[in-house]
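*Asks:*
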Amino acid sequence: MTESTSGDLRLTGVTKTYDSFTAVDQLDLVIPRGSFFALLGPSGCGKTTTLRMVAGLDQPTIGQIWIGDRDITNTKAYQRNVNTVFQSYALFPHLSIIDNVSFGLRRRKVENYKAKAMEALELVQLAHIAKKKPGQLSGGMQQRVALARAVVNRPDVLLLDEPLGALDLKLRRQMQIELKQIQSEVGITFVHVTHDQEEAMTMADTIAVMNAGRLEQVGDPATLYEHPTSTFVANFLGQSNLLEATVKGRYGAIAELDVHGVDLRLPVDRLKADTTKLWLGVRPEKLRLVEPGAGDPASLENNRLSGVVTDASFTGLATNYLVRMPWGQELMVVQQNDGMPRAETGAQVNLAWAPEHGFALSGDQDSHAGAQDQADDSGAT
Amino acid sequence: MAAPLAELEVTTAPPPPRARRSYTPYLLLLPGLAWLVVFFVVPMVALASQSLQTGDPESGYVQTWHFQTYLDALSQFWPQFVRSIVFAGAATFLTLLLAYPLAYFMAQKAGRWKNFLLVLVIAPFFTSFLIRTLAWQIILTDNGPVAGLARTTHFSDLLQWLQLTSNDSLMNSRFAVIAGLTYNFLPFMILPLYASLERLDHRLVEAAGDLYATPIKTFWRVTWPLSLPGVVGGTLLTFIPAAGDFINSRLLGNTQTVMIGQVIDSEFLRIQDYSTAAALSFMLMLVIVVIVAFYVRRAGTEELV
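If you're matching them up, the sequences are chains V and S in order. Per the numbering used here, the very first residue in the first sequence carries number 1; after that it's consecutive. Per the numbering used here, the very first residue in the second sequence carries number 1; after that it's consecutive.
1) From which residue to which residue does the alpha helix (DSSP H) around leucine 105(V) run?
2) Cβ closer than 9 Å: which chain V residues qualify as neighbours of lysine 217(S)?
3) Rounded to whole angstroms, what is the Cα-Cα separation between alanine 137(S) and glutamine 262(S)?
4) Between serine 306(V) and chain S, is the shortest Cβ-Cβ distance under 9 Å, so that the two count as touching?
5) Starting from phenylalanine 268(S), trace the alpha helix (DSSP H) in both directions and tell me its first and last residue.
6) Could you have a look at valine 124(V) and say whether DSSP puts it in helix, strand or coil?
7) Roughly how many angstroms separate the alpha carbons of threonine 2(V) and aspartate 205(V), rounded to a whole number?
8) Of all the CB atoms in chain S, is at least one closer than 9 Å to the CB of histidine 192(V)?
9) Could you tell me which of Pro355(V), Gly13(V), Pro326(V) sits nearest to alanine 253(V), measuring between CA atoms?
10) Counting pairs of beta carbons, one from the segment 95-102 of chain V and one from the segment 172-187 of chain V, are three or more of them closer than 8 Å?
11) Quick check on valine 289(S): buried or exposed, where buried means 16 or more other Cβ atoms within 10 Å of its Cβ?
12) Spell out a yes or no on whether the segment 329-347 of chain V and the segment 357-368 of chain V are touching, meaning 3 or more CB-CB pairs, one atom from each, closer than 8 Å.
13) Express the C-alpha separation of aspartate 168(S) and histidine 154(S) in angstroms, rounding to a whole number.
14) I want to verify the contact list: residues of chain V whose CB lies under 7 Å from the CB of alanine 207(S), in sequence order.
15) So, at 6 Å on beta carbons, what are the nonlocal neighbours of threonine 257(S) in its own chain, with the 5 sequence-adjacent residues on each side left out?
16) Using a Cβ-Cβ distance under 9 Å, would leucine 39(V) count as near chain S?
17) Should arginine 83(S) be flagged as near chain V, meaning a C-beta pair shorter than 9 Å?
18) Could you check what DSSP says for asparagine 143(S) in three-state terms: helix, strand or coil?
19) Report the neighbours of glycine 104(V) on chain B: residues whose CB is nearer than 7 Å to its CB, in chain order.
20) Note down the Cα distance separating lysine 76(V) from glutamate 244(V), rounded to an integer number of angstroms.
21) Note down, in chain order, every chain V residue with its Cβ under 7 Å from the Cβ of arginine 203(S).
22) For a contact meaning CB atoms closer than 9 Å, what does leucine 47(S) contact in chain V?
23) Does DSSP classify tryptophan 65(S) as helix, strand or coil?
24) By alpha-carbon positions, which one of Val222(S), Arg199(S), Leu200(S) ends up nearest to aspartate 210(S)?
25) Along chain V, in chain order, which residues have C-beta atoms closer than 7 Å to that of valine 222(S)?
26) Have a look at glycine 346(V) and arginine 324(V) and give me their C-alpha separation to the nearest angstrom.
27) Have a look at lysine 248(V) and glutamate 256(V) and give me their C-alpha separation to the nearest angstrom.
28) Name the chain S residues whose beta carbon is nearer than 9 Å to that of leucine 57(V)?
29) Less than 9 Å between the beta carbons of leucine 159(V) and valine 82(V), yes or no?
30) Measuring straight from C-alpha to C-alpha, what distance separates glutamate 226(V) and arginine 70(V)?
31) Is it the case that the segment 184-201 of chain S contacts the segment 95-103 of chain S, given that we only count it when at least three CB pairs across the two stretches are under 8 Å?
32) If you scan the segment 60-115 of chain V from start to end, which runs of the beta strand (DSSP E) of 3 or more residues do you find wholly inside it?
33) Spell out whether any CB of chain S is found under 9 Å from the CB atom of arginine 70(V).
34) For asparagine 83(V), go through chain S and note every residue whose CB falls closer than 9 Å to its CB, in chain order.
35) Give me the Cβ distance between threonine 238(S) and methionine 189(S), rounded to the nearest whole Å; I'm assuming they're in contact under 8 Å.
36) Along chain V, in chain order, which residues have C-beta atoms closer than 9 Å to that of leucine 226(S)?
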């Protein structure tokens, strides 16, 4: 064991089946020690089951869970140096806040537990309510108490199960920042389960996107966003325009694609060697709206498509357009409110984007995968 | 001069709107209050007055404020008093011991069998208290299987050693009375326990495990304190009627197991010494109120959610 891997959380071939339903399927995952890791996916994707297996509340059907070089698969929850911030907070209603926070310390017979618990309460800025009962606190305060109760034990891994799900938007934003600060302060590995892609991207160093019990893609937020490897990730993380494309030829660093009769370009290194059919993806904010006839300020190398604006909605920060292509598909365009004139519904427009902003996804996937999940989840919160 | 005037105007708030009087809550209280006055307060006053009268049923009673009745009754019947408290306490403890695991299982683990088990718990109420207690005479009879099993397992020896029985026979003993009380009041313990354990959030148990509490610690630190309202409710519902019970001691006991309820029963209906019976009833009530008040204070249920 080298120094760098000691304390890493590793899942090897972890599978959890309930009767005929497979909640988690052959999961292999390494979560480096001290990282802020997000497990992201729609409801029912197996992320909470994964978390519960790490916590020891559920037992994997197959596979092992390791912390460093210790196999903890067959240990009980109370034997693991892992703590959880539950979605429901699960504060003990009959104990005061300070007794809640010192619960874990006292079970481990830690000396000076009261001072340590107070320290943890100070970390979440709640030292003044130490003597209250959970029922007397607001949701946001309870959430912080739950965090303090877990952090105070200095576990190897801290698990957060949708900890901000019950908070309103403003409080959630504030807690996101606070959580990240606390994580860097205490240096504990945080594993954060969420269905909120924005939350995951804001907070985590590394995101693992899960779908239907499997890992879709693991990477840092920027990589996942700019270079998704599946249509699910492309649609679940932000929004994507996916164009059906075939490869016409490769010329040096550039590949020529045919999209419904239009020639488009893509850097050749985005393509796998033998790809012929693919989904060409481009994010809405990468598309620029250009009036026909107006000179394109950027290079002639840009990709261009032309269509008709079918919807324009002004959000203040930006204007969101839907532009219908000649083949019927509607592309999403987000134009920053940077003072440029806005296009009207019904206007004929050109769309331009730099080839390197495109990404290629293998053509045998459902181009709508993940889009519906995201809409469902954001509607629910 | 205008400025202070303006300030004054700002600070004088308009008078608060007169709260509309609503008589509805009092009207809703009325039927219950009337019922209690007629069937609780009036008999209590009558009982109190009876306990301080002297006379006999033939020639009538006179209000004499004869407090000596209380002292005479107490000096004559204090062993039955103490015995009632001890027997009721033992039965309450045994019902708690039997009911807790059962209620826990029903509330947390039984799943779709929950309602069926609840019906089974309530089922004994379909027959009368008297019949059920008489049935225990047959169950505990000397040549029955229970007595036989107690002999072969030397359980009867243990009972004798504990002075719960005086010979090999299980019937007509302290053991029989306590067992009868335990049996008869078991549902009163199970139901409140079930109600409070059913509300127990299983996620709290998980959270305790996550915070390094072993299953045993989890029970004592989380499950037990959260079920205390049920424990207090169940023990009160068992202890109070058990302390005044007279059926079990009469049907299953002997002359050495007479409880205070049995004494009151015979003073009223056989000896017809109404004053002593009323004084005993009053003292029993007082003793129970004191014990319960002390117990509820100790349990500190007002702090529980």
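Glycine included, each C-beta is placed from N, C-alpha and C at the ideal position.
*Replies:* By the coordinates alone:
1) Sequence index remark: in the first sequence, residue 105(V) carries index 105 (1-based). Looking at the DSSP string, the run of the alpha helix (DSSP H) that includes leucine 105(V) is 103-107.
2) The residue given as residue 217(S) occupies position 217 in the second sequence. Per Cβ cutoff of 9 Å: Tyr78, Arg107.
3) Reading the second sequence from its first residue, position 137 is the one you call residue 137(S). Reading the second sequence from its first residue, position 262 is the one you call residue 262(S). The amino acid at residue 137(S) is misidentified as alanine; the sequence shows glutamine. Cα-Cα distance, rounded: 18 Å.
4) Taking the first residue of the first sequence as 1, we reach residue 306(V) at position 306. For serine 306(V), the answer is no, since every Cβ of chain S falls outside 9 Å of its Cβ.
5) Within the second sequence, the letter at position 268 stands for residue 268(S). 260-269 is the span of the alpha helix (DSSP H), which, as asked, contains phenylalanine 268(S).
6) The residue labelled residue 124(V) in the question sits at position 124 within the first sequence. The answer is coil: DSSP assigns valine 124(V) none of H, G, I, E or B.
7) On the first sequence, residue 2(V) is found 2 positions in, with the first residue counted as 1. On the first sequence, residue 205(V) is found 205 positions in, with the first residue counted as 1. For threonine 2(V), the predicted model reports a pLDDT of 40, less than 50, meaning its position is unreliable and no value from the coordinates is stated.
8) Working through the first sequence from its first residue, we reach residue 192(V) at position 192. Histidine 192(V) does not count as touching chain S.
9) For this step, residue 253(V) is matched to residue 253 along the first sequence. Alanine 253(V) has its Cα closest to that of Pro355(V), out of Pro355(V), Gly13(V), Pro326(V).
10) no
11) Translated into positions along the second sequence, residue 289(S) becomes position 289. That one is exposed.
12) no
13) Taking the first residue of the second sequence as position 1, residue 154(S) is located at position 154. Taking the first residue of the second sequence as position 1, residue 168(S) is located at position 168. Approximately 10 Å between the Cα atoms of the pair.
14) Sequence index remark: in the second sequence, residue 207(S) carries index 207 (1-based). Going along chain V in sequence order, the residues near alanine 207(S) (Cβ under 7 Å) are Phe86, Ala90.
15) Along the second sequence, read from residue 1 onward, the residue named residue 257(S) stands at position 257. Around threonine 257(S): Arg174, Val177, Ser249.
16) Here residue 39(V) refers to the residue found at position 39 when the first sequence is read from its first residue. No, leucine 39(V) lies away from the interface with chain S (no Cβ there is under 9 Å from its Cβ).
17) Residue numbering aside, residue 83(S) sits at position 83 when the second sequence is read from its first letter. Chain V contact via Cβ: absent.
18) Position 143 of the second sequence, counted from the first residue, corresponds to residue 143(S). Correct three-state label for asparagine 143(S): coil.
19) Considering every chain present, this structure includes no chain B. Its protein chains are V and S.
20) On the first sequence, residue 76(V) is found 76 positions in, with the first residue counted as 1. On the first sequence, residue 244(V) is found 244 positions in, with the first residue counted as 1. Lysine 76(V) and glutamate 244(V): Cα-Cα distance of roughly 50 Å.
21) The sequence position of residue 203(S) within the second sequence is 203, counting from 1. Those within 7 Å of arginine 203(S) in chain V are Phe86, Ser88, Ala90.
22) Locating residue 47(S) in the second sequence gives position 47, where the first residue counts as 1. Simply none; closest approach about 40 Å.
23) For the purposes of this step, residue 65(S) is taken as residue 65 along the second sequence, with counting starting at 1. Three-state DSSP puts tryptophan 65(S) in coil, outside helix and strand.
24) Start at 1 with the first residue of the second sequence, and residue 210(S) comes out as number 210. When only C-alpha atoms are compared, the closest one is Val222(S).
25) As a first step, residue 222(S) must be located in the second sequence, where it is residue number 222. Neighbours of valine 222(S) on chain V, chain order: Phe92.
26) The count along the first sequence starts at 1 and reaches residue 346(V) at position 346. The count along the first sequence starts at 1 and reaches residue 324(V) at position 324. Whole-angstrom Cα-Cα distance: 10 Å.
27) Taking the first residue of the first sequence as position 1, residue 248(V) is located at position 248. Taking the first residue of the first sequence as position 1, residue 256(V) is located at position 256. The alpha-carbon atoms of lysine 248(V) and glutamate 256(V) are separated by roughly 5 Å.
28) Position 57 of the first sequence holds residue 57(V). Here the neighbours are Glu206, Gly209, Asp210.
29) The count along the first sequence starts at 1 and reaches residue 159(V) at position 159. The count along the first sequence starts at 1 and reaches residue 82(V) at position 82. Taking 9 Å as the Cβ cut-off, leucine 159(V) and valine 82(V) qualify as a contacting pair.
30) For the purposes of this step, residue 226(V) is taken as the residue at position 226 of the first sequence. For the purposes of this step, residue 70(V) is taken as the residue at position 70 of the first sequence. The straight-line gap from Cα to Cα measures roughly 36 Å.
31) yes
32) 62-67, 82-85
33) Your numbering for residue 70(V) matches position 70 in the first sequence. So, not an interface residue.
34) Position 83 of the first sequence, counted from the start, is the residue given in the question as residue 83(V). Asp210, Leu211, Tyr212, listed in chain order.
35) Indexing the second sequence from 1 puts residue 238(S) at position 238. Indexing the second sequence from 1 puts residue 189(S) at position 189. The pair is a contact, with the Cβ atoms about 5 Å apart (cut-off 8 Å).
36) What you label residue 226(S) is simply residue 226 of the second sequence in a count that begins at 1. Here the neighbours are Phe92, Pro93, His94.
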